[in-house]
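Below is one structure; the comments refer to it alone.
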Amino acid sequence: MLRFMFALTLLCAVASPAAGQATFTPREENPEDFPPGKGREDTFYFCTACHNFRLVAQQGMDRRRWDETLTWMTERQGMAELKGEERETILDYLEMAFPSSEPAGGRAAPNPFLNR
Numbered sequence: 000m001l002r003f004m005f006a007l008t009l010l011c012a013v014a015s016p017a018a019g020q021a022t023f024t025p026r027e028e029n030p031e032d033f034p035p036g037k038g039r040e041d042t043f044y045f046c047t048a049c050h051n052f053r054l055v056a057q058q059g060m061d062r063r064r065w066d067e068t069l070t071w072m073t074e075r076q077g078m079a080e081l082k083g084e085e086r087e088t089i090l091d092y093l094e095m096a097f098p099s100s101e102p103a104g105g106r107a108a109p110n111p112f113l114n115r
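Position 54 (the sequence shown) corresponds to 53 in numbering that gives the first Met the number 0; numbering is contiguous.
Listed below in structure tokens is the structure:
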């Protein structure tokens, strides 16, 4: 989540009026740009409804944290609720394609957006 916050801060800095003078053409993303696996296209199109998929790919979380993040986005950000098989398919893909980058036995930083 710290990488998410960094990316968000960086995005705000890039979107400042001073940056408006530069011409930027975003690179088009396609599901095929990401690791193959069951649920890749569903996950890609669901996530890109709100944000760039590279933001998702940079996170690297375990299944529990991906699940918490989906719940947070539903409750706090107005994301459409994922239920049942659809949620499981997306969680399966996120867990497989973008696993936690935390070292074995290590401790990940807590998600600052979740109330505990």
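Glycine included, each C-beta is placed from N, C-alpha and C at the ideal position.
Between the beta-carbon of residue 47 and that of residue 93 there is about 14 angstroms, and that puts the pair past the 8 angstroms contact cut. Segment contact: the region 61–69 against the region 24–38, fewer than three CB-CB distances shorter than 8 angstroms; contact not assigned. The beta carbon of residue 36 lies closer than 7 angstroms to those of 92, 95 and 96 in the same chain, with the five residues before and after it left out. Membership of residue 96 in the alpha helix (DSSP H) is indicated by the continuous run 83–96. Judged by DSSP secondary structure, residue 72 falls within the alpha helix (DSSP H) whose first and last residues are 62–76. Excluding residues up to 5 positions away in sequence, 28, 43 and 46 lie with their Cβ nearer than 6 angstroms to the Cβ of residue 52 in the same chain.
Shown here, residue 40 sits in a helix according to DSSP, grouped into three states. Around residue 99, the same chain offers 59, 60, 61, 64 and 107 as residues with beta carbons nearer than 8 angstroms, after the five sequence neighbours per side are excluded. At a Cβ-Cβ threshold of 8 angstroms, residue 2 and residue 76 do not count as neighbours. Judged by beta-carbon spacing, residue 73 lies within the 8 angstroms limit of residue 80, meaning their Cβ atoms are closer than that value.
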